[in-house]
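Asker: Just so it is clear: in the sequence shown, position 368 is 382 by the numbering used here, and no numbers are missing.
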Amino acid sequence: MGDQTPAARPGTAGGHGSIHGAGGHGVFRGAEGHEAVHGAHGHGTVHGRGVAPGGGPEGEHDARQPYNPTYDPLVHPTPGHGQQYSPTYWIDTAGTPPQDDGPIDSDRDVDVAIIGSGFTGLSTAIALAQEHGIRAVVLEANRVAWGCTTRNGGQAQCASGRLKRSEWIARWGLDTALALHAECVDAMDYFRAQIADIDCDAQPGGHLYIAHRPQRMPVLEKEAKLLRETFHYDAQILDADTLRGQYIDDHEAAGAMHEPEGIGVHPAKLAFGYVRKARALGVKIHPASPVLSWERQGEGVNERHLLRTPGGVVRARAVGVATGGYTSQTLNPQLKDRIMPILANSIVTRPLAPAEIEANGLRTFQIITDTRVLRHYYRVLPDGRLQIGTRSAIIGSDATAPRHLDLVRAGLARKFPGLRDVDIDYYWWGWVDVSHDMMPRIVQPDPHSAFYYALGYGGNGVSYSAQAGRRLAQHIAGKTADVPKLPIFEGALPYPDFAGLFNARWLAPFRRLGQWGLYHWYHLKDERL
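Laid out in structure tokens, this is it:
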């Protein structure tokens, strides 16, 4: 199999409160002890552990607000002001958050301001300092790496956006598709280099793309053949017996495509490593500093962007936006209605004993996704836990409804029946930034203004965000000649589209109604058709 089996690294039984049973629920408490989820059909309690208010040497100033589990980027004007972290497994096991530079507390002039301190914002700041000698100021509304970065599944894939290589060819032609693939391969190499000196529990070995129904195998076989013969990328097909006997005994699996590129990481440890690296390079990182308003003054060399925060106005010559699924509608007019935030759920089990790991056929640490449109993503963690995630609520105010936990638990039970009643130690959700054409943009939307953004990864940003930050830094530094001529680096994010026929801003108010309909249609496609 080429990787260490989970049975070789056993976990220990947890002695803390958990969600019990297949229909189990719990009351999840963040660092301030407030209830994030009210129980559904069972018993048990999960407490957020190890997340102290503020945290880190500069932490006292951060504890302004408790974590808001119902935050919605299409509803709330900002992501908050110094909110606590979501009570995730990643935050609970990452150690003390690193030192930061405190909130903005006065007006100041800077060359470059980066809005957002997640993977993309930190990677941009690192690249600006390392490659261009520019020391940016990073503004974060809440805690450092508070949003997508510490709520994902930690899957680093050789991808950018949600489209397959065959879909690239259909949309842009073979030459562009080959160039995009080369960009993704380069991105994985760059990502490996960036994490080489960061202890982020890296689990290399590849990516398993599992056919959750027999009807999906011909699609995978065709895609794997294309990857091998056209893209010279060694994707291999595994039949069900090989997959379940040598890799993972997913009871839904009819086979899989194995990709050579794929790394599991601990997102919070990685983000905290980025923070330390950035600050060592002279980058200033200011949490609890949401941008409340953004005014542009002047033109050309006299242009300034006035970013008003609770503690003062930051006057920047250039601004990079890296806010992911937490991009507010009011942040900048050129961002309004450009991103569709999608909510995803994730659970992490208690540590499994070696006998349980063996009995359930958890034989690989590789990252895994299935072929559903409403996909499941899962893997075995280094401490013997199983993490699995899938889609969640449509609106933030519904995020705490027990049925969303039931949905992800049902997925776990279908795939691994022996874990149907396993205790769940962690449950959280977070917003994913999905573009309306399923591909990201790393661009300067207005050539007459020093405003740039990197957004729209669609759930494939763990690794590509490092490359996106590097490309965004090239844009900001005026090194556009170094940026490949590819669609993801040219043109603004599109407005919502109607059935792939046209894009129009007037469709934006109807997006969530459309999402509700699509979720029902996708469920039929995934499970019945």
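Each residue gets a CB set at the ideal place from its N, CA and C atoms; glycine is no exception.
From a predicted model like this one, the values you see are computed outputs, not experimental measurements.
So C162 packs on G444, CB below 8 angstroms; how close in whole Å?
Answerer: Right, their Cβ atoms sit about 6 angstroms apart.
Asker: Taking all protein chains shown into account, do 16 or more other C-beta atoms lie within 10 angstroms of the C-beta of G167, making it buried, or fewer, making it exposed?
Answerer: Buried.
Asker: Just to confirm my understanding: we take G16, look at its own chain, exclude 5 residues before and 5 after, and list those with CB closer than 7 angstroms. What are they?
Answerer: Because G16 sits at a pLDDT of 43, beneath the cut-off of 50, its placement in the model cannot be relied upon, and the point is left open.
Asker: Which same chain residues end up closer than 6 angstroms to C172 when comparing Cβ atoms and leaving out the 5 residues on each side of it in sequence?
Answerer: Closer than 6 angstroms at the Cβ level, and outside the excluded window around C172, lie C198, M202 and E275.
Asker: Once you ignore the five residues that flank M452 on each side, which residues in its own chain have a CB closer than 7 angstroms to its CB?
Answerer: Hits under 7 angstroms: G175, R176, L177 and G472.
Asker: Can you tell me where the beta strand (DSSP E) holding S479 begins and where it ends?
Answerer: Careful: S479 lies outside any beta strand (DSSP E), inside the alpha helix (DSSP H) at Y478 to I490.
Asker: Going by CA-CA distance only, name the one from A207, R185 and N374 that's closest to L426.
Answerer: It is N374 whose Cα lies nearest to the Cα of L426.
Asker: Near F133, what residues of its chain come up, given a Cβ to Cβ distance below 6 angstroms and the 5 sequence neighbours on each side ignored?
Answerer: Here the set comprises T163 and S479.
Asker: Taking the alpha helix (DSSP H) that H146 belongs to, which residues open and close that run?
Answerer: Where H146 is concerned, the enclosing alpha helix (DSSP H) stretches over F133 to H146.
Asker: Between A159 and A285, how many whole angstroms is the CB-CB distance? I'm expecting something under 8 angstroms.
Answerer: Indeed they touch by this definition, with Cβ atoms about 4 angstroms apart.
Asker: Tell me the DSSP bridge mates of K298?
Answerer: Paired residue(s): V151.
Asker: Using only alpha-carbon positions, find the residue among L234, H246, K239 and L241 that is nearest to A254.
Answerer: Ranking the options by Cα distance to A254, first place goes to L234.
Asker: Pull the bridge partners of A330 from the DSSP assignment, please.
Answerer: For A330, which the question treats as bridged, DSSP gives the partners V124 and H319.
Asker: My parser needs the beta strand (DSSP E) runs of 3 or more residues fully inside the region 425-455; what are they?
Answerer: Listed in chain order, the complete beta strand (DSSP E) runs (minimum 3 residues) inside the region 425-455 are 438-449.
Asker: Name the two residues that bound the continuous alpha helix (DSSP H) containing I465.
Answerer: Rather than Ile, the amino acid found at residue 465 in this sequence is Phe. Here F465 belongs to no alpha helix (DSSP H); instead the beta strand (DSSP E) covers F465 to L469.
Asker: Kindly give me the distance between the Cβ atoms of R377 and Q250, rounded to whole angstroms, as I take these residues to be in contact under 8 angstroms.
Answerer: No, R377 and Q250 are not in contact; Cβ-Cβ is about 17 angstroms, not under 8 angstroms.
Asker: Which of the three DSSP states, helix, strand or coil, is assigned to Q97?
Answerer: Three-state result, Q97: strand.
Asker: Given W535, which residues of its chain have a CB within under 6 angstroms of its CB, disregarding the five upstream and five downstream residues?
Answerer: If we look at W535 and ignore the five residues flanking it on each side, it has no Cβ neighbours.
Asker: Just the C-alpha distance for R242 and K236, rounded to the nearest angstrom, thanks.
Answerer: When rounded, the distance between both Cα atoms is 10 angstroms.
Asker: Can you list, in chain order, the residues of its chain whose CB lies under 6 angstroms from that of Q529, leaving out five sequence neighbours each side?
Answerer: If we look at Q529 and ignore the five residues flanking it on each side, its Cβ neighbours are I408.
Asker: Is the distance from the Cβ of D125 to the Cβ of I299 below 7 angstroms?
Answerer: No, the pair does not count as a contact, with Cβ atoms beyond the cut-off.
Asker: Grab me the residues of Y85's own chain with a C-beta within less than 6 angstroms of its C-beta, minus the 5 sequence neighbours each way, in chain order.
Answerer: G410, listed in sequence order.
Asker: Under the three-state reduction of DSSP, which class applies to G403: helix, strand or coil?
Answerer: Reduced to three states, the DSSP call for G403 is strand.
Asker: Is DSSP giving V233 helix, strand or coil here?
Answerer: Looking at V233 - three-state DSSP - the assignment turns out to be helix.
Asker: Considering only residues of the region 237-314, which uninterrupted alpha helix (DSSP H) runs meet the minimum length of 4 residues and lie entirely inside it, listed in chain order?
Answerer: Runs of the alpha helix (DSSP H) inside the region 237-314: 281-294.
Asker: Hey, could you find the ends of the beta strand (DSSP E) P347 is sitting in?
Answerer: Unbroken run through P347: none, as it is neither H nor E.
Asker: With respect to 6 angstroms, is the separation between the Cβ of R526 and the closest non-hydrogen atom of the ligand NAD below this value?
Answerer: Judged by which ligands are present, the structure shown has none, so any question about the ligand NAD falls away.
Asker: Which same chain residues end up closer than 7 angstroms to S180 when comparing Cβ atoms and leaving out the 5 residues on each side of it in sequence?
Answerer: Same-chain partners within the cutoff: E237 and L240.
Asker: Can you tell me the Cβ-Cβ gap for R434 and D123, rounded? I've got them flagged as a contact below 8 angstroms.
Answerer: Not really, about 59 angstroms apart at Cβ, beyond 8 angstroms.
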